[in-house]
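Asks: Numbering (our numbering), first residue to last: 3 to 110.
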């Protein structure tokens, strides 16, 4: 997958969102309000049934990195491992395998 592409951004941001929700109990509902999207839209993004467009990705990234940068910087190694794993994805099958492994990657 090409770094910076919309598909890459969706997968990486989905991983970061799952990481924050699982390990720091960040509320998807509060997050959705902060970025101006419906809670169901963010929930569907989180569970992988919906992808965001560039505008929604921009708002999500801006809010997450502004608000949670201190938390994320403490976990730079885990986030880098996710980034590398996403970049290695070349097919839908590999993408599904990555999504299936996310829970193992989310552990602190």
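Don't be surprised by glycine CBs; every beta carbon is placed ideally from N, CA and C.
(1) Relative to the C-alpha of residue 107, which residue among 80, 29 and 99 is closest?
(2) Pull up the distance between the alpha-carbon of residue 48 and that of residue 76, whole angstroms please.
(3) Check each candidate in 101, 70, 45 and 10 and name the one with the smallest Cα separation from residue 34.
(4) What are the boundary residues of the alpha helix (DSSP H) that includes residue 22?
(5) For the putative contact between residue 85 and residue 14, defined by C-beta atoms under 8 Å, what is the C-beta separation to the nearest angstrom?
(6) Nearest to residue 36 by CA position, among 66, 10, 72 and 83, is which residue?
(7) Restricting to Cα atoms, I'd like to know which of 98, 21, 103 and 56 is closest to residue 7.
(8) How many Å lie between residue 89 and residue 17 at the Cα?
(9) State the start and end residues of the unbroken alpha helix (DSSP H) segment that holds residue 95.
Replies: The relevant details are as follows:
(1) Answer by Cα proximity: 80.
(2) 22 Å
(3) Comparing C-alpha distances from residue 34 to each of 101, 70, 45 and 10 shows the shortest one belongs to 45.
(4) 8–26
(5) 6 Å
(6) 66
(7) 56
(8) 13 Å
(9) 94–107
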